[in-house]
Every structure is written in structure tokens, then in C-alpha cells.
Amino acid sequence: NIPNRLYIPETEPLLVGGHNNREWPLGQLAETPDGRLFRYALNGGVITIAHKLYQSAVPSANIDTLAIATSAAVGDKTLGITNGADSVVENEWAFGTACIETTLGTAYPIKSHGADGGTGGITLTFQDGVTIQSALTNAVETVNVLKSPYKDIIITVATPTAIPVGVPLVVAGLANYLWIQTHGLVNILCDSTAAWTAGKAVAPSQEDVGGVEFFDPSGVEGDAGVVGKCAFAGVDTTFAPIFLTLE
295 NIPNRLYIPE TEPLLVGGHN NREWPLGQLA ETPDGRLFRY ALNGGVITIA HKLYQSAVPS
355 ANIDTLAIAT SAAVGDKTLG ITNGADSVVE NEWAFGTACI ETTLGTAYPI KSHGADGGTG
415 GITLTFQDGV TIQSALTNAV ETVNVLKSPY KDIIITVATP TAIPVGVPLV VAGLANYLWI
475 QTHGLVNILC DSTAAWTAGK AVAPSQEDVG GVEFFDPSGV EGDAGVVGKC AFAGVDTTFA
535 PIFLTLE
């Protein structure tokens with residue numbers, strides 16, 4: 295059994311290059327002695343840049359409103375669905391979620407599944423102990439399938455395309471695993487086109503990739519939402535401390 299929260303030394307998130315093999319479940323929560331929080335993530339197709347804001351992979355439009363292929367009864371541990379047009383490799387959605395669009399709207403954490411080249415059937419196996427809460431009827435109920443937000447993370451861009459998930463503290467290789475910070479004091483790229491003042495809220499930058507800027511609820515920054523608060527006055531294109539509040 296894996297604990298809900300790990301307690302790790304400050305050196306653990308500073309492993310340069312990351313892990314070649316997965317050591318923890320994607321999204322595993324960890325805390326350092328100083329109270330900072332981290333999530334275990336898988337880097338996407340580009341080497342990570344330390345101390346910049348990262349987001350989850352852009353969700354595919356083809357995982358939306360998928361049909362339930364096989365009716366499921368209360369207590370079932372699996373769910374058969376009809377895949378969209380995307381080719382899906384085995385366990386691509388592991389540690390992700392099957393979100394039912396109808397009935398109770400229950401979200402089921404995924405443990406494993408098979409592969410499909412597109413538009414075929416896939417059977418989702420839920421995490422241990424998780425079962426169907428409300429009966430689902432094939433060709434009636436629908437489901438959205440999301441992979442873990444901590445899988446294939448990418449640097450944030452000017453126009454938000456997915457949820458912000460954390461800040462890597464090191465450079466990690468392509469498709470390597472690493473800890474990304476989600477809470478507490480962190481140094482991050484500063485975009486000071488508007489005033490940076492200690493105590494003010496910051497949002498993903500609309501100009502500097504991977505940076506953060508002063509949060510203006512009436513401006514375009516309002517669309518991205520708050521990710522933390524300034525801890526110290528920053529200077530444009532340099533790194534400055536913020537208190538990260540992604541959780």
C-alpha cells in the first residue's frame with residue numbers, strides 16, 4: 295500500500311535529469327520538511343526547464359462523450375467503452391479518470407486498460423476497491439476519459455490550453471519522471487509588465503512562456519486564474535519568489 299502523502303527530503307525534488315523508470319503513481323503527493331508540496335509527474339516530449347510553470351497535456355477532442363459499449367452494474371470493477379478516433383496505447387490513461395456525463399456524474403480512477411487503434415472497444419479497469427456506483431446502460435450513457443494531469447506535462451503558453459500543474463526545480467529528460475512543486479515558496483520566471491508587489495496575486499504569463507505575472511481579473515490574466523502570490527518584488531525576465539498555491 296502506498297500512503298496518501300509521502301514525506302521526502304529537500305534533496306529528492308532536486309534530482310537532475312529525473313527518473314528513467316516510474317517509482318510512484320502519477321500524481322503522488324509528497325511533502326518536504328519545510329511544508330512545500332510536490333506531485334510526481336511524467337515529462338512530455340521536451341526537456342523540462344527549471345523554475346518555470348508547467349501545465350497538463352492538451353486534452354484531445356476525441357476523448358469527449360464516448361459511448362458506453364457494455365452495460366455496467368453496480369459493483370462492477372470495469373467499464374467497456376467505445377474509443378474515439380485517437381489511437382490509444384496500453385495504459386495511456388492509467389492514473390487518469392473516467393468521468394461519467396450522465397446519471398450521478400461519478401468519476402472513476404483508472405488502473406489499466408488495453409490498446410486500440412481508433413474507434414474500437416476498450417475495457418477500463420478501475421483502481422483497486424473502486425466499483426460502479428450507479429448502473430450504466432450501453433448506447434445511452436456517455437463518458438469523458440482524461441489521462442492524468444501529471445502525465446506528459448508541458449510548459450505553459452500565452453493562451454491557456456490546459457490546467458497549470460506545477461513547477462519543476464530541475465532539468466529533466468524527455469519522458470522522464472520528476473517531482474514538480476505545487477505549493478509553497480518557489481522561485482519562478484517573472485513577467486513584470488505590470489507591477490509586482492509582495493502579497494499580490496499572480497497568474498500564468500500572457501507574454502513569457504512558463505512565467506507568471508500580476509493577476510488582473512479584468513484583463514486576459516483573469517482567464518487563467520491565480521497560481522500564487524508574490525513574495526518579493528520581481529524584475530522582468532528574471533526569477534523571483536512566489537508562494538505557489540496550486541493546492
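Number 531 in our numbering belongs to position 237 of the sequence shown; there are no gaps in the numbering. By construction, the Cβ of each residue, glycine as well, lies at the ideal position given by its N, Cα and C atoms. Source: prediction; values computed, not measured.
A distance below 8 Å separates the beta carbons of residue 538 and residue 521. The beta carbons of residue 493 and residue 347 sit no closer together than 8 Å.
Here residue 404 is actually not in contact with residue 413; their C-beta atoms are around 20 Å apart, not less than 8 Å. Here residue 341 is exposed, its C-beta having fewer than 16 other C-beta atoms within 10 Å.
In the three-state scheme derived from DSSP, where H, G and I count as helix and E and B as strand, residue 361 is classed as strand. In the DSSP assignment, residue 478 falls within the beta strand (DSSP E) that extends over 471 to 485. Closest in C-alpha terms to residue 502, from the list 355, 510, 432 and 485, comes 485.
If one requires a minimum length of 4 residues, no alpha helix (DSSP H) run lies completely within the segment 360 to 398. In this structure residue 518 is not in contact with residue 353, their Cβ atoms being roughly 17 Å apart against a cut-off of 8 Å.
The C-beta distance from residue 377 to residue 410 rounds to 5 Å, short enough to fall under 8 Å.
Cα atoms of residue 462 and residue 431: separation of roughly 42 Å, rounded to the nearest angstrom.
Bounds of the beta strand (DSSP E) holding residue 462 are 458 to 462. Assignment of residue 432 by DSSP, reduced to helix, strand and coil, places it in the coil class.
In the DSSP assignment, residue 337 falls within the beta strand (DSSP E) that extends over 331 to 337. When DSSP states are grouped into helix, strand and coil, residue 438 belongs to the strand group.
Distance from the CA of residue 381 to the CA of residue 425, rounded to the nearest whole angstrom, comes to 26 Å. Between residue 395 and residue 439, the CB-CB gap reaches or exceeds 8 Å. Ranking 369, 531 and 357 by CA distance to the CA of residue 375 puts 357 first.
Between residue 373 and residue 334, the gap from beta carbon to beta carbon reaches 8 Å or more. When the five nearest sequence neighbours on each side are left out, the beta carbons in the same chain lying within less than 8 Å of the beta carbon of residue 369 are those of 425 and 426, in order along the chain. For residue 415, the closest alpha carbon among the candidates 495, 364, 301 and 308 is that of 364.
Residue burial is scored here from C-beta neighbours: residue 509 has at least 16 other C-beta atoms within 10 angstroms and is therefore classed as buried. Residue 443 places its beta carbon 8 Å or farther from that of residue 464.
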